[in-house]
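Protein chains in written order, with numbering that gives the first Met the number 0: chain R, 0 to 173; chain C, 0 to 316. Glycine included, C-beta positions come from ideal geometry on N, C-alpha and C. Since this is a predicted model, take the numbers as computed values, not measurements. Following: one structure in structure tokens, then a few remarks.
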Amino acid sequence: MNRKLLVLLLGLVPFPVGAAPGTLIKDEDLKSSPSATAAKVASVAKGSSVDVLAREGGWTQIRVGGRTGWVRILSVRSSVGATGAGDLAALTSRREGQVVAVAGLRGLSEEELKSARFNAQELALMDRYKVDQTEATGFARAAGLTARQVAYLPDPKPTSSSGGTGNNVWEFGQ
Amino acid sequence: MKPFPMHLLHLVFCGLLGIGLAQAGDFEDALKAVLKEKLKGKENPQALATPPQQPVKPTAPAQPTAPTPPAEKPKDQLLKALLQGKTSPEEEVRIGQQIAGNLLGAAPLVRDETLQRYVNRVGLWVALQSERPGLPWRFGVIDSDDINAFAAPGGYIFVTKGLYRRLNNEAELAGVLAHEVGHVIRRHHLKLLQKSQAIAAVGSLFGSKVSSEDQLIQNIIGNGAEVVARGLDKDAEYEADRIGVVLTARAGYDVYALPAVLADIGHVAKGDKRVSLLFKTHPHPEERLGRLAEAVGDLLDNVPEGQSVASRFYRLR
């Protein structure tokens with residue numbers, strides 16, 4: 000294996016994020032470039048501590064045990080993200096300083112949303128752009144897209160006390 | 000009709016005073032019980048005769064102009080349906096229409112028919128992979144530099160021009176739309192409205208007379224399009240992310256397209272005004288990626304490689 004050579008070749012990164020610490024959450028193949036068809040540099044075991052170097056598309060560049068390569072973006076849990084939802088405030092202040100709720104630019108500040116007036120013309124226009132199922136399916140087929148069976152992902156951390164849903168029968172009724 | 004019992008009036012009065020404590024579940028339950036009682040008394044006998052679930056005509060085009068109340072849907076029935084979590088698809092669309100119309104009042108559609116058609120074709124293909132393919136799904140790119148996307152009940156979905164410009168391919172667009180489709184199919188906004196509604200309903204039922212269904216819906220959703228500024232709870236966002244990844248995969252696109260967009264948004268500086276609203280209403284993208292990673296684990300390992308469809312991606316100047 001030309002590990003040393005590959006490490007040298009992998010120096011240039013499109014999105015430098017510094018070297019943030021992270022953990023590999025599953026066994027992975029370390030790839031030579033951000034592509035499913037790229038050569039495998041090494042195997043990395045679940046639980047390995049890694050340095051997160053960069054991101055590109057759905058890929059993350061990591062350094063682990065002196066080797067550098069790419070894995071799927073969802074295969075790495077960055078330690079910053081692992082602090083949990085409760086620590087979000089701490090997380091944000093540590094990462095990027097104070098969060099200031101500045102009014103947004105053009106048109107979408109909270110105040111502007113609150114005072115927005117119903118626009119029937121725009122809604123009618125939106126209706127005009129609506130397409131039917133035949134058109135959407137044909138358009139997908141034209142790009143070679145085919146529907147696949149994939150099951151919904153269960154919530155890894157179900158919180159019964161979130162209180163987000165209230166009492167309703169939407170899920171359980173018809 | 001019986002006179003309204005004094006102890007219930009008292010409870011309602013306490014309820015109004017207790018708005019600040021609105022999260023207390025006991026209080027909400029008590030309030031709902033009162034409302035249910037009251038609604039029973041007011042029920043239109045004709046409404047009782049009709050079955051609660053009207054036959055669905057999913058592809059029937061909804062009223063393109065300002066919503067007009069259908070005569071056979073008394074406004075009390077809509078409110079009741081919302082409080083009980085039993086809104087029909089038509090009622091969902093009526094509520095969504097009002098939110099969508101208001102949002103469009105804040106930011107109109109980008110004047111580019113090719114773009115809008117393109118987004119509808121991609122969006123509907125994604126929505127067809129969900130368990131609610133028959134909703135009258137509509138997608139639009141709105142003219143704002145903000146980086147955000149929105150959904151309203153009944154199948155209204157919006158992406159800002161600011162977010163669209165950051166996308167690299169059709170799969171990423173599909174991923175963003177799929178997240179919003181997730182909010183719609185799980186009725187996240189309706190649940191939020193249902194919750195906040197228990198209190199607001201007191202005013203509209205026992206206080207000022209609401210003259211029309213339009214006005215009732217506007218009362219339900221609050222001022223203008225503030226419902227989209229308020230945001231959902233974090234769990235709803237994580238759920239929409241999980242659904243988003245799955246619908247993207249089902250549609251044949253790159254499974255990692257939505258995570259790629261999240262990572263990109265995570266690189267926008269927090270102080271940047273274009274992400275103020277997004278970061279206020281959603282967990283940080285890094286946190287969302289972490290949650291997604293945990294949920295996905297190796298469950299998608301056997302899904303065949305999806306497509307990015309970069310070649311025909313409609314670039315917005």
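Would you check if the distance between the CB atom of residue i and the CB atom of residue j is smaller than 9 Å?
i	j	result
TYR313 of chain C	TYR155 of chain C	no
LEU288 of chain C	SER31 of chain R	no
LEU81 of chain C	ILE98 of chain C	no
GLY188 of chain R	VAL43 of chain R	Outside the displayed span of chain R (0 to 173) sits residue 188 of chain R, for which this structure offers no information.
ALA224 of chain C	VAL183 of chain C	no
ALA135 of chain R	ARG164 of chain C	no
PRO107 of chain C	ILE141 of chain C	yes
ARG241 of chain C	LEU291 of chain C	yes
ILE323 of chain C	LEU77 of chain C	Coverage of chain C is limited to positions 0 through 316, which leaves residue 323 of chain C absent and any answer about it impossible.
GLY174 of chain C	VAL308 of chain C	no
LEU123 of chain C	ASP131 of chain R	yes
PRO284 of chain C	ALA262 of chain C	yes
TRP169 of chain R	THR86 of chain C	yes
ALA170 of chain C	GLN83 of chain C	no
VAL295 of chain C	LEU152 of chain R	yes
GLY243 of chain C	GLU179 of chain C	yes
GLU186 of chain C	ALA239 of chain C	For the record, residue 186 of chain C in the displayed sequence is Arg; it is not Glu. Cβ atoms of ARG186 of chain C and ALA239 of chain C: not closer than 9 Å.
ARG62 of chain R	ALA18 of chain R	yes
PRO155 of chain R	GLU293 of chain C	yes
State the start and end residues of the unbroken alpha helix (DSSP H) segment that holds residue i.
i	result
LYS79 of chain C	74–83
ARG229 of chain C	225–229
TYR237 of chain C	233–249
GLU110 of chain R	109–113
SER275 of chain C	275–280
ALA53 of chain R	Taken as a continuous stretch (DSSP letters only), ALA53 of chain R belongs to no alpha helix (DSSP H), being part of the beta strand (DSSP E) at 48–55.
VAL121 of chain C	112–126
GLY175 of chain C	Note on residue identity: the sequence assigns Val, not Gly, to residue 175 of chain C. Element bounds for VAL175 of chain C: 169–184.
VAL260 of chain C	256–265
ARG287 of chain C	284–295
VAL92 of chain C	88–105
ASN218 of chain C	212–220
Beta strand (DSSP E) containing residue i: first to last residue?
i	result
ILE61 of chain R	58–63
ARG316 of chain C	That residue, ARG316 of chain C, is in no beta strand (DSSP E); it is neither H nor E in DSSP.
LEU29 of chain R	27–30
ILE156 of chain C	155–159
PHE138 of chain C	137–141
GLY130 of chain R	In the sequence as displayed, the identity of residue 130 of chain R is Val instead of Gly. Here VAL130 of chain R belongs to no beta strand (DSSP E), and DSSP marks it neither H nor E.
TRP69 of chain R	66–71
SER77 of chain R	75–77
LYS45 of chain R	It is not in any beta strand (DSSP E) - LYS45 of chain R carries neither H nor E in the DSSP assignment.
ALA38 of chain R	That residue, ALA38 of chain R, is in no beta strand (DSSP E); it is neither H nor E in DSSP.
PHE149 of chain C	148–151
Nearest by alpha-carbon distance to residue i: which of the options is it?
i	options	result
SER129 of chain C	C:LEU176, C:GLU90, C:ASP142	C:LEU176
GLN193 of chain C	C:GLU212, C:HIS281, C:VAL226	C:VAL226
GLU111 of chain R	C:VAL109, C:ARG273, C:ALA105	C:ALA105
GLN96 of chain C	C:GLN214, C:ASN168, C:ARG273, C:LYS279	C:GLN214
GLY181 of chain C	C:PRO132, C:SER143, C:SER211, C:ASN218	C:PRO132
GLU236 of chain C	C:ASP111, C:SER87, C:HIS188	C:HIS188
ASP26 of chain R	R:ALA123, R:ALA41, R:GLY137, R:ARG127	R:ALA41
ARG316 of chain C	C:THR247, C:ALA248, C:LYS190, C:THR113	C:THR113
GLU109 of chain R	C:ASP263, C:ARG273, C:VAL125	C:ARG273
ASP297 of chain C	R:VAL149, R:ALA38, R:PRO157	R:VAL149
LEU122 of chain R	C:VAL92, C:HIS283, C:GLU285	C:VAL92
GLY57 of chain R	R:SER34, R:SER47, R:ALA38	R:SER34
ARG71 of chain R	R:TYR151, R:LYS156, R:LEU23	R:LEU23
SER114 of chain R	C:ARG186, C:ILE220, C:PRO152, C:ASP111	C:ILE220
LEU231 of chain C	C:LEU127, C:LEU276, C:LYS269	C:LEU276
ASP144 of chain C	R:LEU107, R:ARG62, R:LEU73	R:LEU107
GLY100 of chain C	C:ASN222, C:ALA268, C:ARG311, C:VAL244	C:ASN222
SER74 of chain R	R:LYS45, R:THR67, R:ARG66, R:THR36	R:LYS45
GLU55 of chain R	C:GLU179, C:LYS74, C:HIS266	C:HIS266
LEU124 of chain R	C:GLY270, C:VAL125, C:GLU212, C:VAL109	C:VAL109
ALA126 of chain C	C:HIS281, C:ALA268, C:VAL245, C:ILE264	C:VAL245
PHE278 of chain C	C:LEU166, C:ARG311, C:GLU212, C:ALA148	C:ALA148
SER195 of chain C	C:LYS233, C:THR280, C:ASN218	C:ASN218
So, do the stretch 253–264 of chain C and the stretch 130–139 of chain C have three or more beta carbon pairs nearer to each other than 8 Å? Contact between the stretch 253–264 of chain C and the stretch 130–139 of chain C is absent, because fewer than three Cβ pairs lie under 8 Å.
For the stretch 158–178 of chain C against the stretch 291–302 of chain C, do three or more pairs of beta-carbon atoms, one drawn from each stretch, fall closer than 8 Å, so that the two count as touching? no
Mind checking the stretch 66–77 of chain R against chain C and listing, in chain order, the residues whose C-beta falls within less than 8 Å of any C-beta there? ARG71, ILE72, LEU73, SER74, VAL75, ARG76, SER77
For the stretch 142–160 of chain R against the stretch 238–253 of chain C, are there 3 or more C-beta pairs whose distance is under 8 Å? yes
Closer than 8 Å between beta carbons: that is the criterion. Which residues of the stretch 248–259 of chain C meet it against chain R? ALA248, ARG249, ALA250, GLY251, TYR252, ASP253, VAL254, TYR255, ALA256, PRO258, ALA259
What residues in the stretch 223–245 of chain C have a beta carbon less than 8 Å from any beta carbon of chain R? Cβ contacts with chain R come from GLY223, ALA224, GLU225, VAL227, ALA228, LEU231, ASP232, LYS233, ASP234, ALA235, TYR237, GLU238, ARG241, ILE242, VAL244, VAL245.
Taking a Cβ distance cut-off of 8 Å, strictly less, list which residues of the stretch 126–149 of chain R are near chain C, in chain order. Listed by position, the residues of the stretch 126–149 of chain R near chain C (Cβ gap below 8 Å) are ASP126, ARG127, TYR128, LYS129, VAL130, ASP131, GLN132, GLU134, ALA135, THR136, PHE138, ALA139, ALA142, GLY143, LEU144, THR145, ALA146, ARG147, GLN148, VAL149.
For the stretch 99–113 of chain C, which residues have a CB atom closer than 8 Å to at least one CB atom of chain R, in sequence order? Taking 8 Å as the Cβ-Cβ cut-off against chain R, the residues of the stretch 99–113 of chain C that qualify are ALA99, GLY100, ASN101, LEU102, LEU103, GLY104, ALA105, ALA106, PRO107, LEU108, GLU112.
Contacting positions in the stretch 286–299 of chain C - beta carbon closer than 8 Å to chain R: GLU286, LEU288, GLY289, ARG290, LEU291, ALA292, GLU293, ALA294, VAL295, GLY296, ASP297, LEU298, LEU299
Check distances from the C-beta atoms of the stretch 50–65 of chain R to those of chain C and list, in chain order, the residues that come in under 9 Å. ARG54, GLU55, GLY56, GLY57, TRP58, THR59
Residues in the stretch 105–119 of chain R having any Cβ partner in chain C nearer than 7 Å: ARG105, GLY106, LEU107, GLU109, GLU111, LEU112, LYS113, SER114, ALA115, ARG116, PHE117, ASN118, ALA119
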